[in-house]
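Position 72 of the sequence shown, counting from 1, maps to 72 under UniProt numbering, and the rest follow consecutively. Virtual Cβ for every residue (Gly too), placed ideally from N, Cα, C. All values reported here derive from a predicted model rather than from experimental measurement. Input: a single structure, listed below in structure tokens.
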Amino acid sequence: MDTPRRVEHQQTDRGYVPVYATGTVEQPWANYSPTDHEVWNTLYRRQRELLPAYACKEFLEGVERFGFGEGGIPRFADLNAVLGEATGWEIVAVEGLLPDEVFFDHLANRRFPVSWWIRRPDQLDYLSEPDLFHDLFGHVPLLLNPVFADYMQAYGKGGMKAHAIGPEALMNLTRLYWYTVEFGLINTPEGLRIYGAGIVSSKGESVYSIDSPAPNRIGFGLERVMNTKYRIDTYQQTYFVIDSFDQLFDATRPDFTPIYASLADGTAVAAAEVLDTDKVFQRGTREGFSSGSDN
Ligand code: HBI
Ligand code: FE
């Protein structure tokens, strides 16, 4: 993407940030406080120690190639030099969650929106909206993988289509994103490993998703996933396991329009449910599952 024209400055509660005509912002790197950099360093250190035993090799390789470290919050421009060369993706800085169609348009054009601000020191283990650590550390390493990079772009294109079809189609597609990009596991010779960004950016869920006997771990199926509700307020009750990124990309190649139509007739599967037709890696004990409702 060409460098967007800077149109105005915006006073936000986190400082004075240049805003581009596209709605993206310039990463205000000079404005990060020593505390902000320390939060990055702490979160990075924790995950770097933990993830070699939990994350898939493609993710770990991505972290290495970007040279993430304990030198404070990375500059997006430096990362973009590596990313552009590898897969043609680009990171753009944003203020936070974007309207669905704006988000999809970025992905469809191989731009990944990253929140420029980082959580406070009292939010190391949980916050309700995506910050820089989640978006950057969680999502961006796999964008160096050519197959995953293409899957993300296809998701963006599919999102624009689903958005045009209607809210139910969009919900089906959002579940696919949730159970793959955010909370996906992959089966490897070393056992189940994490690739989902929502997991690798969380110390607690990294351990839980792989080691806990509580959740189900079930083989990925496109329609199964699109028809399954999810929890946004707790660790997941079910994780879906892919065999490879090729499997994921191939499964999502067909036009989803007829799938949306067939799913619209049935009822959705609850987050904790196991079906007779499932390929079960592990049936969860459900220990510690809170009541409360699925999305
Ligand atoms: N905006 N910045 C940002 N990041 C997201 O992950 C994001 C978003 N807007 C919408 C959205 N995700 C999801 O609800 C879509 O996958 C539907
Ligand atoms: Fe995310």
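Given residue i as reference, the closest of the options once Cα atoms are compared
i           : options                   : result
T174        : S209, M226, N145 and L136 : M226
R41         : F112, R120 and L176       : Residue identity check: residue 41 is Asn in the sequence provided, not Arg. Ranking the options by Cα distance to N41, first place goes to R120.
A55         : A268, F183, D255 and R231 : F183
W117        : W29, D278, Y177 and Q236  : W29
S128        : A164, S202, K161 and N80  : S202
E287        : G84, Q237 and V140        : Q237
S212        : D265, F256 and G284       : G284
T106        : T24, D131 and F76         : What sits at residue 106 in the sequence shown is His, not Thr. Among T24, D131 and F76, the Cα nearest to that of H106 is on T24.
residue 357 : D250, T228 and F249       : An answer regarding residue 357 cannot be provided, because it is not within the stretch 1 to 295 covered by the chain.
E101        : A162, P254 and F66        : A162
F104        : L248, Q153, F289 and L185 : Q153
S115        : D150, F281 and P74        : P74
T180        : P52, F148 and V269        : F148
G67         : D250, F289 and V82        : V82
D150        : G72, Q247, D122 and L60   : Q247
Residue i classed as buried or exposed, judged by whether at least 16 other C-beta atoms fall within 10 angstroms
i    : result
Y126 : exposed
R111 : buried
R224 : buried
S33  : exposed
G156 : buried
G69  : exposed
N31  : exposed
V7   : Annotation note: pLDDT 48 at V7 (below 50); position unreliable, coordinate value reported separately. Exposed.
T257 : exposed
I232 : exposed
S291 : exposed
T35  : exposed
Reduced DSSP category for residue i - H, G, I as helix; E, B as strand; rest coil
i           : result
L144        : helix
V207        : helix
V39         : helix
N109        : coil
N31         : helix
P258        : helix
L127        : coil
V274        : coil
Q237        : coil
L98         : coil
R45         : helix
R217        : strand
E90         : strand
residue 300 : Residue 300 lies beyond the stretch modelled for the chain, which goes from 1 to 295, so this question has no answer here.
Y20         : strand
Under 9 Å between C-beta atoms of residue i and residue j
i    : j    : result
A86  : P146 : yes
Y195 : F137 : no
D235 : E273 : What sits at residue 235 in the sequence shown is Tyr, not Asp. Cβ distance not < 9 Å, so Y235 and E273 don't count as in contact.
G158 : T252 : yes
R193 : I210 : yes
H134 : A214 : no
V140 : L79  : yes
I242 : I186 : yes
L143 : W178 : no
Short CB-CB distance (under 9 Å) between residue i and chain D
i    : result
D122 : In the displayed structure, chain D is absent; only one protein chain is listed.
Original post:
Any chance the segment 81 to 95 sits against the segment 35 to 53, with 3 or more Cβ pairs inside 8 Å?
Top reply: The segment 81 to 95 vs the segment 35 to 53: no contact.
**OP:** Please determine if the segment 157 to 171 and the segment 214 to 224 are in contact, where contact requires at least 3 C-beta pairs separated by less than 8 Å.
**Re:** No, the segment 157 to 171 is not in contact with the segment 214 to 224.
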